[in-house]
Every structure is written in C-alpha cells, then in structure tokens.
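Undergrad: One structure is given below, represented as structure tokens, and several questions about it will come after.
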Amino acid sequence: MSTHGNLTGNFSIDQYKDNQFINGNITIHSKLIIDKVIVVIYRCDSDGINCEYFQTWSLTDICPKLKDKNQIWSRWYGSFDPPMVCPLDKVNYRLVNGTYDIDQGVRWYSDIANYQWKVTQKLFAGDVYIGSYVFQISIFSYRKKLKPLLKL
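Just so you know, we're using the working numbering here: the sequence shown kicks off at 1 and counts up by one.
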C-alpha cells in the first residue's frame with residue numbers, strides 16, 4: 001500500500017491463519033474536509049503484470065457510505081481508529097486489522113477470483129485533491145475435493 005499527495009502512512013501486512021490484515025498509521029496533512037472519493041480499479045492477470053482498466057466509482061455521498069454495513073469496504077473503514085465518520089476532519093488515523101469482505105466482492109463481481117486488483121482511492125475536498133492511496137490485492141479461489149457421500 002502506498003500513499004500520495006497530502007497523505008502519509010506506515011503499513012504492515014500481518015497473517016493469521018489463512019487471512020492477511022493491514023495494520024498501520026495514516027496521516028491526512030490537510031485542514032480541508034474530505035467530501036468526495038474517486039476509486040479507480042484495474043484488473044490484472046494473476047502475476048499482476050498485464051492490467052486493464054475495469055471501473056471508476058465517484059462517491060460524493062461518502063458519509064452514509066462509511067456507515068453502510070455488508071459492503072466490500074465496510075470491514076476496511078470499520079478498522080480505523082478514530083472511526084471514519086463525518087466530518088472527516090481528523091489528522092491521524094490508526095488502521096487495526098484492516099481487511100475487505102471478499103464475499104461482498106463476489107456478490108458485486110462473480111469473477112473477482114484469480115486476478116490481482118490495483119485500486120486507487122483519491123480523496124477530495126470539493127474539487128481540491130487532498131491525496132490518494134493505492135493498494136493491490138490478489139484474490140484466488142481453490143476447489144476442495146469433496147468426499148463421496150455413498151460408497152459404490
């Protein structure tokens with residue numbers, strides 16, 4: 001994960017069993033209140049080399065979105081301390097065991113697995129660019145061999 005513009009941060013990826021979590025600190029070096037987020041998504045092959053533009057989300061109603069439950073971003077924004085609630089006027093945030101709800105991602109796009117995803121979230125105050133952060137996530141599926149119920 002990397003930060004740009006008026007955002008800085010230090011992050012680590014920690015593993016517990018089969019899950020990975022992002023922990024760290026993020027600082028917003030701006031007194032302006034963030035009221036718009038633009039998310040740009042690229043879908044890449046499993047090696048993360050060949051990427052293609054996938055979608056852009058432009059969110060101006062971010063306050064209710066931050067409170068939404070059962071969304072792909074709900075766990076991520078629920079991992080911030082102090083909580084990510086409006087107005088977004090805090091300077092320092094701590095990220096504790098940040099992750100995404102992949103099940104919600106599958107509901108959004110059923111072919112989400114077996115790709116790497118590069119996502120940029122750009123933060124704005126009106127039309128003024130505050131900063132952005134970029135992260136990459138690999139989502140892989142596997143098939144589990146089931147034991148037959150009946151022996152023939």
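By construction, the Cβ of each residue, glycine as well, lies at the ideal position given by its N, Cα and C atoms.
#1: Are the Cβ atoms of Leu66 and Phe80 separated by less than 7 Å?
#2: Report the start-end ranges of each alpha helix (DSSP H) in the stretch 31 to 80 that is 4 residues or longer and not cut off at the edges.
#3: Apart from the five residues just before and just after Asp68, which ones in its own chain have a Cβ nearer than 8 Å to its Cβ?
#4: Check the C-beta distance from Ser30 over to Ile130 and give it rounded, since I have them as a contact under 8 Å.
#5: Are the beta-carbon atoms belonging to Thr3 and Tyr133 less than 7 Å from one another?
#6: Tell me, please, which residues DSSP counts as bridged to Trp117.
#7: Is there contact between the stretch 37 to 54 and the stretch 16 to 23, where contact requires at least three CB pairs shorter than 8 Å?
#8: Closer than 8 Å by C-beta to Ile34: which residues in its own chain qualify, once you throw out the five before and the five after it? Chain order, please.
#9: Determine the closest residue to Ile72 out of Tyr115, Tyr109 and Asp127, with distance taken between C-alpha atoms.
#10: Less than 7 Å separating the beta-carbons of Tyr93 and Ile13?
#11: May I ask you to list the residues that DSSP assigns as paired with Asp18?
#12: With 16 as the cutoff for other CB atoms within 10 Å, does Tyr115 come out buried or exposed?
#13: What residues in its chain sit with their C-beta under 8 Å from that of Leu206, if we drop five residues either side in the sequence?
#14: Indicate whether at least one CB of chain B lies closer than 7 Å to the CB of Asp14.
TA: Let me lay it out:
#1: The criterion of a C-beta distance shorter than 7 Å is not satisfied by Leu66 and Phe80.
#2: 62 to 67 and 74 to 77
#3: Answer for Asp68: Ser74, listed in chain order.
#4: 5 Å
#5: yes
#6: Arg43 and Ile137
#7: no
#8: If we look at Ile34 and ignore the five residues flanking it on each side, its Cβ neighbours are Ile28, Ile62, Leu88, Leu123, Phe124, Ala125 and Ile130.
#9: Tyr109
#10: no
#11: Partner(s): none; Asp18 has no beta bridge.
#12: buried
#13: The displayed coordinates of the chain run from 1 to 152. Any statement about residue 206 would go beyond what the structure contains.
#14: Any reference to chain B falls outside this structure, which holds one protein chain only.
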